[in-house]
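*Asks:*
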Amino acid sequence: MRDFSADHRWLSINTATIRRQRGQEVPLARLIDQCAAHGVRAISPWRDQVAAAGLADTARQLKALDIGLSGYCRGGFFPAADTAGLRAALDDNRRAIDEALTLGAPCLVLVVGALPGALEGRPVHKDIARARHEVRDGIAATLAYAREVNLPLAIEPLHPMQAAERACVNTLEQALDLCDELDPARSGLLGVALDAYHCWWDPKLQAQTARAGERRTPQERSRLLAYHVCDWLTPTRDLLNDRGMMGDGVIELRRLRQWVEAAGYEGFAEVEIFSTQDWWQRDGDEVLTTCIERHRTVV
Numbered sequence: 001m002r003d004f005s006a007d008h009r010w011l012s013i014n015t016a017t018i019r020r021q022r023g024q025e026v027p028l029a030r031l032i033d034q035c036a037a038h039g040v041r042a043i044s045p046w047r048d049q050v051a052a053a054g055l056a057d058t059a060r061q062l063k064a065l066d067i068g069l070s071g072y073c074r075g076g077f078f079p080a081a082d083t084a085g086l087r088a089a090l091d092d093n094r095r096a097i098d099e100a101l102t103l104g105a106p107c108l109v110l111v112v113g114a115l116p117g118a119l120e121g122r123p124v125h126k127d128i129a130r131a132r133h134e135v136r137d138g139i140a141a142t143l144a145y146a147r148e149v150n151l152p153l154a155i156e157p158l159h160p161m162q163a164a165e166r167a168c169v170n171t172l173e174q175a176l177d178l179c180d181e182l183d184p185a186r187s188g189l190l191g192v193a194l195d196a197y198h199c200w201w202d203p204k205l206q207a208q209t210a211r212a213g214e215r216r217t218p219q220e221r222s223r224l225l226a227y228h229v230c231d232w233l234t235p236t237r238d239l240l241n242d243r244g245m246m247g248d249g250v251i252e253l254r255r256l257r258q259w260v261e262a263a264g265y266e267g268f269a270e271v272e273i274f275s276t277q278d279w280w281q282r283d284g285d286e287v288l289t290t291c292i293e294r295h296r297t298v299v
């Protein structure tokens, strides 16, 4: 396992972690400058932030500061109420791939979606099997374009608590089953984003992480495309926006990284923290300093 104690060269910051500072939304350009000032080599920005800042301007700023990406958030949300909605989702994912390419992202992270309308509190139907079928078809269609432009897609399984409104793919096993069906050659263009917050509880996690790294021939590629870290607090006050700083909760982060790296993952550990009541109320430099310290000591 890699030694992170001496530096933070393998630390990435998902911009959600510092997008709110002292309770206020902060422009992406400022977030990028803050990361550069702390010697952070990679980020993972969100599409809405990039849209607000300007795609071309963001690409230029990243290049000028020599900051790369560990991923791009996010594509997905494939299920829809009707055929027009399904088509709109595919068009949006194609745009997301184009944006990721412009920014030099190594992958587009897919939060696949679930029951249409549930995120707004008005689900159109309750048929989760239908939603999963639409997810499968949506990924297949999006993968066809991803192959044309050589941009990998990373399916991110979300915790079952978010199965109704955000993602009906809820275990690493589910995500890998989709990968095996749609990309049996293990081309490297379809894989997974393993998020500690969403997957730490899974009794099959060690075995499925090893499965993600399997390569039967030299031509095959690992399915592990991104690795996200934070911590699970006890008690958790909000299941969406009360993630913990690494080391403040119950996830065995060192053990999990040992599994991930044993499976061949050599990329960034990307810190992704949503924290309305704590870290989003703090100064961004304090948050980044803490991320760096915990990356060295507990990740």
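Residue 210 in UniProt numbering sits at position 210 of the sequence shown; the count goes up by one each step and never skips.
From the three backbone atoms N, C-alpha and C, an ideal C-beta is built for every residue, glycine too.
(1) Would you identify the three-state DSSP class for I128, choosing helix, strand or coil?
(2) Would V50 be called buried (16 or more neighbouring beta carbons within 10 Å of its own) or exposed?
(3) Which residues mark the beginning and the end of the beta strand (DSSP E) in which Q74 is found?
(4) Whose CA, out of K126, L194, P160 and R47, lies closest to the CA of residue 300?
(5) Quickly, what does DSSP pair H228 with across the bridge? List them, please.
(6) State the Cα-Cα distance for the pair D248 and C230, rounded to the nearest angstrom.
(7) Mapping the DSSP letters down to three states, classify E148 as helix, strand or coil.
(8) Between which two residues does the alpha helix (DSSP H) harbouring L62 extend?
(9) Looking at C-alpha atoms only, which residue of G54, A114, G76 and T58 is the closest neighbour of D33?
(10) When you compare the segment 148-161 with the segment 96-110, are there three or more beta-carbon pairs, one atom per stretch, that lie closer than 8 Å?
(11) Would you call P235 buried or exposed, if buried means 16 or more other Cβ atoms sit within 10 Å of its Cβ?
(12) Among residues of its own chain, excluding the 5 on either side of A9, which ones have a beta-carbon nearer than 7 Å to its beta-carbon?
(13) Take I273 and list the residues in its own chain whose beta-carbon comes closer than 6 Å to its own, dropping the five residues that flank it on each side.
(14) Please determine, among R95, A185, G191 and L110, the residue with the shortest C-alpha to C-alpha distance to Y265.
(15) What's the call for S5, buried or exposed, on a 16-neighbour Cβ count within 10 Å?
(16) Starting from I13, trace the beta strand (DSSP E) in both directions and tell me its first and last residue.
(17) Does DSSP classify A105 as helix, strand or coil?
(18) Which stretch, first to last residue, makes up the alpha helix (DSSP H) that contains L288?
(19) Would you tell me roughly how many angstroms separate the C-alpha atoms of E252 and D238, rounded to the nearest one?
(20) May I have the straight-line CA-CA distance separating V124 from F77, to the nearest angstrom?
(21) By the three-class DSSP mapping on this structure, what secondary structure does Q277 have?
(22) Of all the alpha helix (DSSP H) runs that stay within the bounds of the segment 10-52, which reach a length of 4 or more residues?
(23) Whose C-alpha, out of A226, R296, M246 and Q281, is nearest the C-alpha of S44?
(24) Tell me the DSSP secondary structure of D3 in three-state form.
(25) May I have the straight-line CA-CA distance separating I139 from Q281, to the nearest angstrom?
(26) For L224 and V260, which I take to be in contact (beta-carbon distance under 8 Å), what is that distance rounded to the nearest angstrom?
(27) Does the distance from the CB of A144 to the CB of L172 come in under 8 Å?
(28) How many Å lie between H198 and L158 at the Cα?
(29) Out of curiosity, what's the CA-to-CA distance linking Q202 and Q174?
(30) When the distance is taken between beta carbons, is R74 closer than 8 Å to R26?
(31) Who are the Cβ neighbours of A36 in its own chain at under 7 Å, not counting the five residues just before and after it?
*Replies:* Taking the geometry as given:
(1) Within the sequence shown, residue 128 is the residue found at index 128, counting from 1. Under the three-state reduction of DSSP output, I128 falls in the helix class.
(2) Position 50 of the sequence shown, counted from the first residue, corresponds to residue 50. Buried, since its Cβ has 16 or more Cβ neighbours within 10 Å.
(3) Residue numbering aside, residue 74 sits at position 74 when the sequence shown is read from its first letter. Residue 74 is actually Arg in this sequence, not Gln. It spans Y72 to G76 - the beta strand (DSSP E) in which R74 sits, taken as one unbroken run.
(4) It is not possible to answer for residue 300, since the shown part of the chain is limited to 1 through 299.
(5) For this step, residue 228 is matched to residue 228 along the sequence shown. According to DSSP, residue pairing for H228 in a beta bridge involves D195 and E270.
(6) Taking the first residue of the sequence shown as position 1, residue 248 is located at position 248. Taking the first residue of the sequence shown as position 1, residue 230 is located at position 230. Each residue's Cα considered, the two are about 9 Å apart.
(7) Position 148 of the sequence shown, counting from 1, holds the residue named residue 148. Of the three classes helix, strand and coil, the one that applies to E148 here is helix, per DSSP.
(8) Numbered from 1 along the sequence shown, position 62 holds the residue referred to as residue 62. First-last of the alpha helix (DSSP H) with L62: L55 to L65.
(9) Within the sequence shown, the letter at position 33 stands for residue 33. Minimum Cα-Cα distance from D33 among the listed residues G54, A114, G76 and T58 corresponds to T58.
(10) Contact holds: three or more Cβ-Cβ distances are below 8 Å.
(11) To locate residue 235, count along the sequence shown from 1; it is residue 235. Under this definition P235 is an exposed residue.
(12) Here residue 9 is taken as the residue at index 9 of the sequence shown, counted from 1. Just to set this straight, residue 9 is Arg in the shown sequence, not Ala. Once the five neighbours on either side are set aside, the close Cβ partners of R9 are R41.
(13) Taking the sequence shown and counting its residues from 1, the one referred to as residue 273 is at position 273. Closer than 6 Å at the Cβ level, and outside the excluded window around I273, lie T17, C230, R243 and W279.
(14) Position 265 of the sequence shown, counted from the first residue, corresponds to residue 265. When only C-alpha atoms are compared, the closest one is G191.
(15) Walking along the sequence shown from the start, residue 5 turns up at place 5. Exposed: under 16 other Cβ atoms inside 10 Å.
(16) For the purposes of this step, residue 13 is taken as residue 13 along the sequence shown, with counting starting at 1. I13: member of the beta strand (DSSP E) spanning L11 to N14, first to last residue.
(17) Here residue 105 is taken as the residue at index 105 of the sequence shown, counted from 1. Coil at A105, not helix or strand.
(18) What you label residue 288 is simply residue 288 of the sequence shown in a count that begins at 1. Where L288 is concerned, the enclosing alpha helix (DSSP H) starts and stops at G284 to T297.
(19) Along the sequence shown, one-based indexing puts residue 252 at 252. Along the sequence shown, one-based indexing puts residue 238 at 238. Their backbone Cα atoms lie some 21 Å apart in a straight line.
(20) Counting from 1 along the sequence shown, the entry for residue 124 is found at position 124. Counting from 1 along the sequence shown, the entry for residue 77 is found at position 77. In a straight line, the C-alpha of V124 is about 14 Å away from that of F77.
(21) Residue numbering aside, residue 277 sits at position 277 when the sequence shown is read from its first letter. In the three-state scheme derived from DSSP, where H, G and I count as helix and E and B as strand, Q277 is classed as coil.
(22) The qualifying runs are 28-37.
(23) To locate residue 44, count along the sequence shown from 1; it is residue 44. Answer by Cα proximity: A226.
(24) Within the sequence shown, residue 3 is the residue found at index 3, counting from 1. Looking at D3 - three-state DSSP - the assignment turns out to be coil, as it is neither helix nor strand.
(25) Walking along the sequence shown from the start, residue 139 turns up at place 139. Walking along the sequence shown from the start, residue 281 turns up at place 281. The alpha-carbon atoms of I139 and Q281 are separated by roughly 37 Å.
(26) Indexing the sequence shown from 1 puts residue 224 at position 224. Indexing the sequence shown from 1 puts residue 260 at position 260. Confirmed, Cβ separation roughly 6 Å.
(27) In the sequence shown, residue 144 corresponds to position 144, counting from 1. In the sequence shown, residue 172 corresponds to position 172, counting from 1. Contact flag unset, no.
(28) Walking along the sequence shown from the start, residue 198 turns up at place 198. Walking along the sequence shown from the start, residue 158 turns up at place 158. Computed Cα separation, rounded: 5 Å.
(29) Walking along the sequence shown from the start, residue 202 turns up at place 202. Walking along the sequence shown from the start, residue 174 turns up at place 174. This sequence places Asp at residue 202; Gln is not what is there. If you draw a straight line from the Cα of D202 to the Cα of Q174, it is about 12 Å long.
(30) Counting from one through the sequence shown, the residue named residue 26 turns up at place 26. Counting from one through the sequence shown, the residue named residue 74 turns up at place 74. The displayed chain sequence assigns Val, not Arg, to residue 26. It is not a contact, given that the beta carbons lie outside the stated cut-off.
(31) Counted from its first residue, the sequence shown places residue 36 at position 36. Cβ contact annotation for A36 (same chain, cutoff 7 Å, sequence separation greater than five): L65 and I67, in chain order.
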